[in-house]
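Going by this note's numbering, the first residue of the first sequence is number 19, and it counts up by one from there. A virtual CB, placed ideally from N, CA and C, is assigned to each residue, including glycine. Since this is a predicted model, take the numbers as computed values, not measurements. Take a look at the structure set out below.
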Amino acid sequence: MKLKDEINSNLQKVIESIAGEKTEAEIQSGQESIHGDYSSNVALKIFPKAKDKFKNPIEFAEKIVEELEKDSGFSDNLEKIEVIAPGFINFWLKDAKLLKNLEEITDQKENYGKGKRLKNKKIMLEFADPNPFKEFHIGHLRNISLGESYARLLEFEGGEVLRVNYQGDVGMHVAKAIYGIQNSKLKIQNYENKSLKARSEFLGKAYAEGSKVFEEDEKIQKEIKDLNIKIYQKDSSIREIWEKGRQWSLDHFEEIYKRVGTKYKRYYFESEVAQTGKEIVLSHIEDGVFEKHDGAVVFRGSHTRVFVTSEDYATYEAKDLGLAKIKYSEFPYDKSIIITANEQEGYFKVVLEVMEKIFPELSSKTVHNAFGFVKLKDGKMSSRSGNIVSGEWLLDEAKKRIKEQFKDMGEKTLEMVGVGAVKYSMLKFSRTSDITFSFEESINLEGNSGPYIQYTYARTQSVLAKSEILNPKSEINLKSQILDQIETEELLILRLLVHFPEVVEEAGGNFAPNLLCNYLFDLSQKFNNFYQKHKILGNPMEEFRLQLTSGVGQVLKTGLYLLGIESPEKM
RNA sequence: GUUCUCGUAGCUUAAUGGAUAAAGCAUUGGAUUGCGGAUCCAAGGACUGAGGGUUCGACUCCCUCCGAGAACGCCA
Numbered sequence: 019m020k021l022k023d024e025i026n027s028n029l030q031k032v033i034e035s036i037a038g039e040k041t042e043a044e045i046q047s048g049q050e051s052i053h054g055d056y057s058s059n060v061a062l063k064i065f066p067k068a069k070d071k072f073k074n075p076i077e078f079a080e081k082i083v084e085e086l087e088k089d090s091g092f093s094d095n096l097e098k099i100e101v102i103a104p105g106f107i108n109f110w111l112k113d114a115k116l117l118k119n120l121e122e123i124t125d126q127k128e129n130y131g132k133g134k135r136l137k138n139k140k141i142m143l144e145f146a147d148p149n150p151f152k153e154f155h156i157g158h159l160r161n162i163s164l165g166e167s168y169a170r171l172l173e174f175e176g177g178e179v180l181r182v183n184y185q186g187d188v189g190m191h192v193a194k195a196i197y198g199i200q201n202s203k204l205k206i207q208n209y210e211n212k213s214l215k216a217r218s219e220f221l222g223k224a225y226a227e228g229s230k231v232f233e234e235d236e237k238i239q240k241e242i243k244d245l246n247i248k249i250y251q252k253d254s255s256i257r258e259i260w261e262k263g264r265q266w267s268l269d270h271f272e273e274i275y276k277r278v279g280t281k282y283k284r285y286y287f288e289s290e291v292a293q294t295g296k297e298i299v300l301s302h303i304e305d306g307v308f309e310k311h312d313g314a315v316v317f318r319g320s321h322t323r324v325f326v327t328s329e330d331y332a333t334y335e336a337k338d339l340g341l342a343k344i345k346y347s348e349f350p351y352d353k354s355i356i357i358t359a360n361e362q363e364g365y366f367k368v369v370l371e372v373m374e375k376i377f378p379e380l381s382s383k384t385v386h387n388a389f390g391f392v393k394l395k396d397g398k399m400s401s402r403s404g405n406i407v408s409g410e411w412l413l414d415e416a417k418k419r420i421k422e423q424f425k426d427m428g429e430k431t432l433e434m435v436g437v438g439a440v441k442y443s444m445l446k447f448s449r450t451s452d453i454t455f456s457f458e459e460s461i462n463l464e465g466n467s468g469p470y471i472q473y474t475y476a477r478t479q480s481v482l483a484k485s486e487i488l489n490p491k492s493e494i495n496l497k498s499q500i501l502d503q504i505e506t507e508e509l510l511i512l513r514l515l516v517h518f519p520e521v522v523e524e525a526g527g528n529f530a531p532n533l534l535c536n537y538l539f540d541l542s543q544k545f546n547n548f549y550q551k552h553k554i555l556g557n558p559m560e561e562f563r564l565q566l567t568s569g570v571g572q573v574l575k576t577g578l579y580l581l582g583i584e585s586p587e588k589m
């Protein structure tokens, strides 16, 4: 059992016996260790209900501690339990316990921190969702970084995660793009033999041109709407261009997925769910879920939305209903999670309202997780205005800048560090907050960045490799004599290592990879501090310090993996 | 107009209702006859947009105002 849980259950038992109150005790993991390795505010929380027995929360807390200390099996791991005004209870671990934890890391290796919270749970995770014919922009990059990290965190806790991607290959945006292709000065034929990048840039431009004239010219607007219908009908006049453009986009996306380390199990397309979606909507007019208005089929919920257009085509809304049904029939999940930008929050709210009425069993299992906007310093990104930063450009630019600084770095490492820098910069902020993208910062190799953590990992591996050369068969064993020789910097690291499993659980439970980022950064800083002050190799404490180094390396590697970032052995 | 989200140091951001509001960047000053200086140490810098309220305790919850952004019937 995790130590945190152990403290929790002991607290619960004791409080129930003293105050007769069942409670979910709240344990905090101390970050700076000034308030202990763990601390609890239960005495403050429960005090109003124990008022008749104790004068103040401190007295109450003292009684709790007295009871806790009676259980020697529990308190043997603890150096002390103290009560601090106005009523906090702080727990300090014994150094021996900290060392024992380090041994666990050595034994369990990449399994250290794994949980069972989601054992036997099937989770469908939809993320990235770029649209063919449009650019894969930095918002998608945030989406896929978050999704992949979330998937790994859920798997780490025992869940079976099915990564899926839903891509809009039909609809007005495609019509606009095709109009753009047909009327652009840039001829599609010229791109036949060009790179995927060049092709997708061409498509992006065509889309921007199509959108522009759509807004400006009513006659063209009508033409584009007609094109849209032809797309749904797979009309022979546009079939070839549609298939070609679609494939070019998908090939390009695939390249990006590969670069960022995401492998999807299933790709859904709007073209394959539209019909099912429409049928679902039409079959629920009679029972009053939907109503016909101005020739369209609408739903009147928290706000009104069109599900089937007056031209009889499924909108995005109806398609999502079709998608939900197909998803569940293919993979009966315990939970279905959809990750999108928060501009879709209102939209999903309505779709979930409909689902509650027609697929109640699915709606209760479906969660929409939104993330904040990725803005540029000079305002909102929009693929229509053309003021857009493509995901690929950002990855390449990161790599380029790193190369300028580290000329002899190999191609493989360069890619790991470049992608790591970008992904980390997408993950280190809390998911829901809008972030302002800055070129300098996301590519910065110093400070709170991916490369800083990767560098620290490479450093641990370098030390370990060197010790291997100097002393090939050294089996690391902790000796109890070292207890009184441990340095402050080492203790700080040991204390932090204890919390890794808890941070991972919290990051997964709250869909908050940023917590893991902060933790890894903190650990890296503490290790670098230690490294600077104390010599590892050729020191009387060498064995212990090597094990510490190895433990830090292991945790950094596992942590980076959970963020979806690779750990180079050398940089 | 309606609904929702957000205002924290010069900048970018942290902080399940808890203890001295935490980092990075930038700025200033330091550290190398040592295992990778892509490192480390130190300093300055915030009445958490304004004003009320709830609470033993509020960046966090409630109300008002100011400011920013997003979503709102045939786009995705």
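In this model, Val368 and Gly438 are separated by some 36 Å (Cα to Cα). Looking from the CA of Ile238, the closest CA among Asn201, Glu258, Phe271 belongs to Asn201. Sorting Gly198, Ile76, Val192, Ser267 by C-alpha distance to the C-alpha of His155 places Ser267 at the top. Ranked by Cα distance from Trp110, the options Ala342, Leu555, Glu584, Val516 are led by Val516. Judged by pairs of C-beta atoms under 8 Å, the segment 457-469 does not touch the segment 560-571, as fewer than three such pairs exist.
Judged by DSSP in its simplified three-state form, Glu379 adopts helix. Take Lys393, set aside five residues on each side of it, and the residues of its chain with a beta-carbon closer than 8 Å to its own are Met399, Asp452, Ile453, Thr454, Phe455, in chain order.
Contact annotation: Ala169 and Leu204 have beta-carbon atoms that are not nearer than 8 Å.
Counting only the Cα atoms, Glu371 lies some 29 Å from Leu171. Contact annotation, Phe325 with Phe308: C-beta distance approximately 6 Å; criterion of less than 8 Å satisfied. Take the alpha-carbon of Ile25 and the one of Lys421: they are about 49 Å apart. If you look at Ile453, you'll find it in the beta strand (DSSP E) that goes 453-455. Lys417 and Ile303 have their C-alpha atoms spaced approximately 54 Å apart. Under the three-state reduction of DSSP output, Tyr184 falls in the strand class. With fewer than 16 other CB atoms across the displayed protein chains lying within 10 angstroms of its CB, Asn528 is exposed.
Distance from Glu128 to Thr576 at the Cβ level is roughly 6 Å; contact confirmed, criterion being Cβ atoms closer than 8 Å. Contact between Ile82 and Ile45 does not hold, since the beta-carbon distance rounds to 13 Å and is not under 8 Å. Runs of beta strand (DSSP E) with 3 or more residues, each lying fully within the segment 186-261, are absent.
Here Val101 carries a strand assignment [DSSP, helix/strand/coil]. The C-alpha of Asp330 is placed about 24 Å away from the C-alpha of Asp235. A residue is called buried when at least 16 other Cβ atoms come within 10 angstroms of its Cβ; Arg264 meets this threshold and is buried. Ranked by how close their Cα comes to the Cα of Glu505, the residues His158, Glu410, Asn138, Phe562 have Phe562 in first place. With contacts defined as CB atoms closer than 8 Å, Tyr346 and Ile141 fail to qualify as a contacting pair.
The Cβ-Cβ distance between Leu566 and Leu120 falls below 8 Å. In this structure, the alpha-carbon of Gln362 lies about 28 Å from that of Lys215. The residues Asn466, in chain order, have a CB closer than 6 Å to that of Phe539 in the same chain once the five nearest residues on each side in sequence are set aside. About 15 Å separates the beta carbons of Val291 and Ile249, which is beyond the 8 Å limit, so they are not a contact pair. Within the same chain, Cβ atoms closer than 6 Å to the Cβ of His386 are found at Ile356, Phe366, the five residues on either side in sequence being excluded. In this chain, Glu584 is not harboured by any beta strand (DSSP E), its DSSP state being neither H nor E. The shortest C-alpha to C-alpha distance from Ser57 to any of Phe518, Ile76, Gly319, Ile107 is the one to Ile107. Runs of the beta strand (DSSP E) lying entirely within the segment 433-483, each at least 3 residues long, are 453-455 in chain order. Beyond the five residues adjoining it in sequence on each side, Thr474 comes within less than 7 Å, by CB distance, of Ser542, Phe545, Asn546, Leu574 in the same chain, given in chain order. DSSP places Lys393 in the strand class (E or B) of the three-state scheme. For the pair Glu288 and Gly189, the CB atoms are nearer than the 8 Å cut-off. Exposure of Ser35 is indicated by the presence of fewer than 16 other C-beta atoms within 10 angstroms of its C-beta.
Nearest to Gly340 by alpha-carbon distance, out of Phe389, Pro558, Val299, is Val299.
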